[in-house]
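Enquirer: Here the sequence shown is numbered in my numbering, starting from 1124 and rising by one per residue.
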Amino acid sequence: MIGKKYVLVAVLLISSFLSFCQDIEKQKQIRLTQTITEKEIIEYATILTSKEFDGRLSGSPGYMKSAQWIASKFEKWGVKPMGDNGSYLQYFDNAYTKVFDSGNVSYQFIDENEKNIEKNYRFPEEYFPGQNSGSGNIEGELVYVGFGISAPELGYDDYAGIDVRGKILVFESGLPVKGNIPDIERWVPYDYHQYKFKNAIAHGAIGWLYISKLANPNTPYNKDFVYAHIGDEVANDMFNASGKNYKEIREEIVKNLIPNPFVLRGKARINANTQRFEDSKSCNVIGLIEGIDPILKNEVIIIGAHLDAVGNLGKLLPGALDNASGVVDIITAARILAQSPVKPKRSILFIMFGGEECGLLGSTFYVNNPKFPKEKVVCMINLDMVGNGTGLALWGGESFPEISRHFTDANTNYIKRTMKTSEARPVKTRPRTDGAVFTMNGFKSFAIGTTDGVKTVYYHHPLDNVDALTPDIMVDVARMIYFGLLGVANDETLQIK
Ligand SMILES: [Zn+2]
C-alpha cells in the first residue's frame, strides 16, 4: 500500500513541476510579446510611409527600396530567405507609370445666364490624376456612358446609339448590378477597370474622366489615352450644366438596368505628365521560420500582407493603413517568433506581396510559383488594412475553426479585445485581396482584421499617413499573431485536408 502512495506523491510532484515549468514558459512568452510596443510599430510604419519609399508603387525604385528594407529586417532577426537564388526577393514582371505631377482637369461650359464659365479642379479634393494615363493634353466634348459596359449577351450596352469618336467619356466604376444577384458571374468580366478602358478605346474615345475619385494603378496603360479620376462634385457640375441630375440618372440606370448615354454640354481639358516603365520588375519578399519537428516542419502556415501601395501623384500617397499596417503587424510578430522560447513544430512562411494594387500580381505569381506544395499548406492568413479600430476580427475564420480557434484562444487568454468572426464566402465577384487569390486557387484562407471604433479611413489618398493608424490595436494584432501562429504550428491534432 505504501508503494502506491509514493507513486501518487511522485506523480503529483512531477505534474505540478511540469505545470510550474509551463507557467515559466508562458511568462517568458508574455514578456517577449511585451517587447512589441507602440513605439516599434510607429517606427516601422514611419519608415514604410517615408518619402524615401515614395508611396511604394509596385515596380518603382521606392517600392524596391521598401522590399530591401523588409529583407534587411528578416535577415537581422534570423528569418530564413525563401526568394530567388538564396535572397528574400521573388521577382515578377510589373510595368509601372511614373506620374511627375498632378496635372490638371478643367471644365468649360455656358451657364444658365449664357456666361462662359471655366472650372479648374483641385487634387485631391475634386480629382485624382490617372495613375496609368498617357502623357499629354487633351480637350474635347463630353459623353456620359453610364458604366462603360457593352455586354450584348446580357442585353446591356452603355454605348448603344451614341457616337463617342473623338470625345472625352465620363463613366462609372463598378457594375450597375449588386454582387448578390444569382447570375453575377456573367457580369464580373465587365467589372474590371482594364475592360472598361479597353472598351472606351475600342469605341474611339480620346480620353476619359473616371467617376471613382482615388489613386488606382490597377488600370491599363496606353500612351495615346489620357484620363483622370473625378468625384461626384465634378460630375454634378457637368450634369447640372446639361440640365440633369447626376445622382438621379445614375440611380435610374441601376434600378431599371437600362443604359442612358447622352452628350454633356461643355468641354473638358485633361493634362497629364507621366512616363511609362514597361520592362520593370517587382517582387514579393518571402521569409521562413522553419519548424523544429522533423516531420511537421514540412507543413507550412502562410501569413501575408501586401507591401505595395499607390505611389506618388505629385503628392505622396503614404499607404499607412493600406497596407503598411498589415506588414508591420506581421513583421513585428515575425521578430518575436524568431526569438521565441517555444519553437514552432510546423514552419511559418511570411510573404509581403508586391503588385497587389496593380491587380493582385504578387499573390498570383506566388500561387503559380509556390515555395511549398499546396497539399502541405495548412492555410493562408491575409492582413490588409489592419491597424485602425478597437476590436479584432477573423473574417472567414468560422469556416476553419480548427485553425482559427488558436487565434480566438490567443485573444481570450492574452489580448482580451472584442472579436468578430464570419464565415468564408466563395469568391464570385472580382477578387480584391491577396487572400481571395489563394481561396480561388483552392487554399484555406481567412483574414485577420480590425473593427469597431474605426477612425476616418483615407483610402488611396494622401492623408493615409501614420496619423490614420491606431497603434495600440496593431500591438495587439502582432501579439495575437504570435500566439495564434504558435498554436496552429504546435497543434498535433490538426490534420491538413
Ligand atoms: Zn490594400
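Every residue, glycine too, gets a C-beta built ideally from N, C-alpha and C.
Go through the region 1249-1299 residue by residue and report every complete run of the beta strand (DSSP E) that reaches 3 residues or more, in order.
Expert: The qualifying runs are 1250-1252, 1259-1267, 1291-1295.
Enquirer: From what residue to what residue does the beta strand (DSSP E) around serine 1405 run?
Expert: Segment 1404-1412, the beta strand (DSSP E) holding serine 1405.
Enquirer: Could you check what DSSP says for glutamate 1241 in three-state terms: helix, strand or coil?
Expert: If DSSP states are grouped into helix, strand and coil, glutamate 1241 belongs with the strands.
Enquirer: Run through the region 1520-1544 for me and flag every whole beta strand (DSSP E) of 3 or more residues, listed as ranges in chain order.
Expert: Runs of the beta strand (DSSP E) inside the region 1520-1544: 1542-1544.
Enquirer: Considering just the uninterrupted stretch of the beta strand (DSSP E) at threonine 1220, what are its terminal residues?
Expert: Taken as a continuous stretch (DSSP letters only), the beta strand (DSSP E) holding threonine 1220 covers 1219-1222.
Enquirer: Counting along the chain, where does the beta strand (DSSP E) carrying aspartate 1216 start and finish?
Expert: Residues 1212-1216.
Enquirer: In this structure, how does DSSP classify glycine 1610 when only helix, strand and coil are distinguished?
Expert: If DSSP states are grouped into helix, strand and coil, glycine 1610 belongs with the helices.
Enquirer: Quick check on alanine 1283: buried or exposed, where buried means 16 or more other Cβ atoms within 10 Å of its Cβ?
Expert: So alanine 1283 counts as exposed.
Enquirer: Looking only at its chain, what residues have a beta carbon closer than 7 angstroms to the beta carbon of threonine 1593, apart from the 5 residues adjacent to it on each side?
Expert: Answer for threonine 1593: Gly1510, Asn1511, Gly1512, Lys1578, listed in chain order.
Enquirer: Would you check if the distance between the CB atom of arginine 1540 and the CB atom of aspartate 1599 is smaller than 8 angstroms?
Expert: Result yes, Cβ atoms of arginine 1540 and aspartate 1599 sit closer than 8 angstroms.
Enquirer: Straight-line CA distance for glutamine 1213 to valine 1408?
Expert: Each residue's alpha carbon lies about 6 angstroms from the other.
Enquirer: Near lysine 1468, what residues of its chain come up, given a Cβ to Cβ distance below 8 angstroms and the 5 sequence neighbours on each side ignored?
Expert: Gly1414, Ile1415, Asp1416, Leu1419, Lys1420, Ala1612, Asn1613, Glu1615.
Enquirer: So, under 8 angstroms CB-CB, phenylalanine 1400 and tyrosine 1186 are touching, yes? Tell me the CB distance rounded to an integer number of Å.
Expert: At roughly 12 angstroms, the Cβ-Cβ gap does not stay under 8 angstroms, so phenylalanine 1400 and tyrosine 1186 are not in contact.
Enquirer: Below 8 angstroms between beta carbons: does that hold for serine 1405 and serine 1181?
Expert: The answer is yes: Cβ separation under 8 angstroms.
Enquirer: Find the nearest neighbour of lysine 1543 within the set Thr1573, His1316, Gly1410, Tyr1537, judged by alpha-carbon distance.
Expert: With distances taken between Cα atoms, lysine 1543 lies closest to Thr1573.
Enquirer: I need the straight-line Cα distance from glutamate 1148 to serine 1470, nearest angstrom please.
Expert: Each residue's Cα considered, the two are about 20 angstroms apart.
Enquirer: Would you kindly report the start and end of the unbroken beta strand (DSSP E) that includes tyrosine 1350?
Expert: Residues 1349-1353.
Enquirer: For tryptophan 1518, which residues in the same chain have their Cβ closer than 7 angstroms to its Cβ, ignoring the five residues on either side in sequence?
Expert: Correct list, in chain order: Ser1545, Phe1569, Ala1570, Gly1572.
Enquirer: Give the C-beta separation of leucine 1292 and phenylalanine 1270 to the nearest angstrom, bearing in mind that I take them to be a contact with Cβ-Cβ under 8 angstroms.
Expert: Not quite, the Cβ-Cβ distance comes to about 11 angstroms (not below 8 angstroms), so this is no contact.
Enquirer: Using only CA atoms, which one of Met1361, Lys1346, Ile1376 lies nearest to glycine 1259?
Expert: Nearest of Met1361, Lys1346, Ile1376 to glycine 1259, Cα basis: Lys1346.
Enquirer: For the beta strand (DSSP E) holding isoleucine 1471, just list the boundary residues, first then last.
Expert: Here the beta strand (DSSP E) through isoleucine 1471 covers 1470-1476.
Enquirer: Roughly how many angstroms separate the alpha carbons of tyrosine 1267 and lysine 1438, rounded to a whole number?
Expert: If you take the alpha carbons of tyrosine 1267 and lysine 1438, they lie about 29 angstroms apart.
Enquirer: With contact counted as at least three CB pairs below 8 angstroms, one residue from each stretch, are the region 1238-1258 and the region 1272-1290 in contact?
Expert: With the cut-off at 8 angstroms, the region 1238-1258 and the region 1272-1290 do not touch.
Enquirer: Kindly list the residues whose CB is nearer than 7 angstroms to the CB of asparagine 1525, restricted to its own chain and excluding five residues on each side of it in sequence; keep chain order.
Expert: According to the sequence displayed, residue 1525 carries glutamate and not asparagine. If we look at glutamate 1525 and ignore the five residues flanking it on each side, its Cβ neighbours are Leu1617.
Enquirer: Is the region 1488-1504 close to the region 1187-1194, with three or more CB pairs under 8 angstroms?
Expert: Judged by Cβ distances under 8 angstroms, the region 1488-1504 makes no contact with the region 1187-1194, as fewer than three pairs qualify.
Enquirer: Return the chain-ordered list of same chain residues with a C-beta closer than 6 angstroms to the C-beta of asparagine 1227, the five sequence neighbours on each side being excluded.
Expert: Cβ neighbours of asparagine 1227 beyond the five flanking positions: Asn1394.
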